[in-house]
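Take a look at the structure set out below.
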Amino acid sequence: MPSEFGVVKNIDTPITAMELAELDYKSRNKDIQLLTDETVKEYEWFLEKVNVHPEHTPMAVTWFEKILPKKERSLRLLLIKNKMKRLIKIL
């Protein structure tokens with residue numbers, strides 16, 4: 004089940020992955036000093052994937068967790084099909 008739902012929106016001022024990461028960390032009361040290059044790359048990946056879709060496209064994100072052979076967690080971006088409400092993995 005997706006953890007967040009929303010739609011693609013155009014913004015007036017472009018935002019970098021670092022700025023998005025900082026805003027996200029601040030909104031969740033996390034220390035910005037904990038941001039790493041790898042974390043910022045995840046935000047960059049997210050922005051690249053969202054930016055290919057037109058405005059008002061319904062989307063969802065969820066975490067995919069894999070435990071074996073080692074514990075890994077990756078963000079999945081989902082496109083929501085209108086009317087059918089099916090989630091289609093786009094990556």
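Residue numbers for the sequence shown follow the numbering used here, beginning at 4 and rising by one. Note that CB positions come from ideal geometry on N, CA and C, so glycine has one too.
Whole-angstrom distance between residue j and residue i, CA atom to CA atom
i, j, result
"Gly9", "Val53", "11 Å"
"Val55", "Leu71", "33 Å"
"Tyr46", "Glu22", "9 Å"
"Ile35", "Glu41", "14 Å"
"Ala20", "Ser30", "15 Å"
"Thr39", "Glu25", "11 Å"
"Glu7", "Ile83", "12 Å"
"Glu58", "Asn32", "29 Å"
"Lys74", "Glu68", "7 Å"
"Leu81", "Val43", "20 Å"
"Asp15", "Arg76", "32 Å"
Run of the alpha helix (DSSP H) containing residue i, from where it starts to where it stops
i, result
"Glu41", "40-53"
"Glu58", "Glu58 -> no alpha helix (DSSP H), and no H or E assigned at all."
Where the beta strand (DSSP E) containing residue i begins and where it ends
i, result
"Ser77", "75-83"
"Val10", "7-10"
Strand pairing of residue i, partner residues [DSSP]
i, result
"Thr19", "Answer is none; Thr19 lacks a bridge partner."
"Ala24", "Per DSSP, none; premise fails for Ala24."
"Leu69", "According to the sequence shown, residue 69 is Lys rather than Leu. Answer is Glu75, bridged to Lys69."
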